[in-house]
Ligand code: SF4
Ligand code: SF4
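Residue numbers (the working numbering): 177 to 663.
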């Protein structure tokens, strides 16, 4: 039995145009093969990583959280193993997003929708939900048969069990998500005793619902109707990208094994496709790859496994359905050999851009400073002339200690003539041009600083002034320049 592709309004007669295409239920059949094995392996890896990563510990010293991956909203920090990102360093996130987009483009240039078929969250969770469905309700044949028969008590029991397991997986998915935003063991305990913050329950509820609906009920409809990537991908791809394809030159004319044998014996053309429908039966989106490239094809490769199994059984070479390029489809029809071109301008551009962005990010990470200094000149007034003729400028100075230990910083004036001095509210110092600022670990300290130019100083309206901070122990320093304003 074959299952039709999801219907669209264009499938209808022009006079019977419908804006809503009713979803047709797809009953994907289990299959064994190399692509299926790869999908299982990736699913175990991805889900294992997602569910257990919050429990991995990473020692950052006595005053910092020890969760390896943590998005700490109250402290406004993102921790990823040895990396700690502050709000001022949000450009790292921009870099990561650019890298992700470029990697997706590169994957697309090499092997089409390989992301959709193997790595997308929707695919991974749908695969898991289908596995549960198969375990409880049976494979395709049993499910189709059961759906056609009247409801019985055992069937109701199976359906209830399936939805309970689906909901448990969905709940665990939402539960794992919130663990990335707080200390995981503590939050698990709070959740168990109903003492977690309300926002945690709300997010678990939202993710439980979306996972259950999208992976359990909507499945291929998310890929076909909701996701923008197939449309973007279609605009980005070219004829050299590998896609799951049916080799028409080999497969046609198709027909049952008996019919094809008879045709061959009569000396008539006989294709390798025995029209068994296995490639359609295993397809998670319910389409027939023999109809050519389709938006609904997520390129999961399961039809390749199905067809290879059939070919092996009937003693024909594998690869009637396989990853191949549009160029080769045409070449095969013309009786020519396959050609592949993985190194071409677009793949080179993507690789160069990925290398540049990753190199830049690694360089900035390796040279990341654990002290940060911001200087903001007062706008109103820009300067004040005091009764003795000296000029005063005010600044707001923000000093950030990104280390996990208390530090003493010496802040000094640089690049200004003799006689300049400074004072900071709440800090005592014997030296008029420098002061020591103690600052606790992992915090930002804001200071009101006043800089004075002596009377009769030869001043321009605006001259450069430098503030230098230096860790008294490690010597790590940062210099920021601003302006000193005068009449
Ligand atoms: S046609 Fe093949 S590759 Fe495409 S979604 Fe169906 S099984 Fe996967
Ligand atoms: S599985 Fe292979 S042989 Fe069977 S219908 Fe599909 S393409 Fe033809």
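Here a beta-carbon is modelled for each residue, glycine too, at the ideal position from N, C-alpha and C.
In this structure, how does DSSP classify residue i when only helix, strand and coil are distinguished?
i, result
"residue 327", "coil"
"residue 661", "strand"
"residue 628", "strand"
"residue 569", "strand"
"residue 506", "helix"
"residue 547", "strand"
"residue 648", "coil"
"residue 642", "strand"
"residue 349", "helix"
"residue 656", "strand"
"residue 552", "strand"
"residue 574", "strand"
"residue 560", "strand"
"residue 471", "coil"
"residue 335", "helix"
"residue 515", "coil"
"residue 341", "helix"
"residue 203", "coil"
"residue 463", "coil"
"residue 356", "helix"
"residue 194", "coil"
"residue 322", "helix"
"residue 316", "helix"
Following the continuous alpha helix (DSSP H) through residue i, name the residue where it begins and the one where it ends.
i, result
"residue 521", "521-542"
"residue 480", "478-490"
"residue 454", "454-457"
"residue 220", "210-228"
Can you give me the Cβ contacts of residue i inside the same chain, cut-off strictly under 6 Å, excluding the 5 residues immediately before and after it?
i, result
"residue 572", "552"
"residue 448", "426, 427, 492 and 496"
"residue 346", "384, 387 and 388"
"residue 659", "638"
"residue 399", "474"
"residue 601", "624"
"residue 590", "642 and 644"
Can the beta-carbon of residue i be found closer than 9 Å to that of residue j?
i, j, result
"residue 413", "residue 285", "yes"
"residue 363", "residue 534", "no"
"residue 585", "residue 648", "yes"
"residue 367", "residue 380", "yes"
"residue 198", "residue 323", "no"
"residue 391", "residue 298", "yes"
"residue 570", "residue 645", "no"
"residue 513", "residue 421", "no"
"residue 349", "residue 301", "yes"
"residue 715", "residue 377", "No information on residue 715 is available, as it lies outside the stretch 177 to 663 that the chain covers here."
"residue 580", "residue 238", "yes"
"residue 335", "residue 313", "yes"
"residue 612", "residue 587", "yes"
"residue 209", "residue 482", "yes"
"residue 308", "residue 478", "no"
"residue 508", "residue 423", "yes"
"residue 463", "residue 211", "no"
"residue 227", "residue 411", "no"
State the start and end residues of the unbroken beta strand (DSSP E) segment that holds residue i.
i, result
"residue 499", "497-500"
Under 7 Å Cβ to Cβ from residue i, same chain only, skipping five residues before and after it: list those, please.
i, result
"residue 242", "233, 234, 235 and 236"
"residue 452", "486"
"residue 526", "278, 281, 282 and 285"
"residue 188", "Legend: pLDDT at residue 188 = 49, less than 50; position of this residue unreliable, no value from coordinates given."
"residue 469", "419"
"residue 415", "501, 502 and 503"
"residue 316", "203, 204, 205 and 457"
"residue 562", "568"
Leaving out five residues on either side along the sequence, give the residues of the same chain with a beta carbon under 8 Å from the beta carbon of residue i.
i, result
"residue 545", "578, 652 and 654"
"residue 615", "575, 577, 582, 583, 584, 585 and 621"
"residue 538", "none"
"residue 564", "631"
Indicate whether at least one CB of chain C lies closer than 9 Å to the CB of residue i.
i, result
"residue 653", "Absent from the structure: chain C. Only one protein chain is present."
Which runs of the beta strand (DSSP E), 3 residues or longer, sit entirely within the stretch 231-310? With a minimum length of 3 residues, the continuous beta strand (DSSP E) runs that stay inside the stretch 231-310 are 245-248, 253-256 and 259-261.
Threshold first: 3 residues or longer. Then list the beta strand (DSSP E) segments lying entirely within the stretch 576-631, N to C. Counting only runs of 3 or more, we get 583-590, 597-600, 610-615 and 619-629.
Complete alpha helix (DSSP H) runs within the stretch 361-442 (minimum length 4 residues, chain order): Runs of the alpha helix (DSSP H) lying entirely within the stretch 361-442 and spanning at least 4 residues, in chain order: 374-387, 405-412, 424-427 and 433-441.
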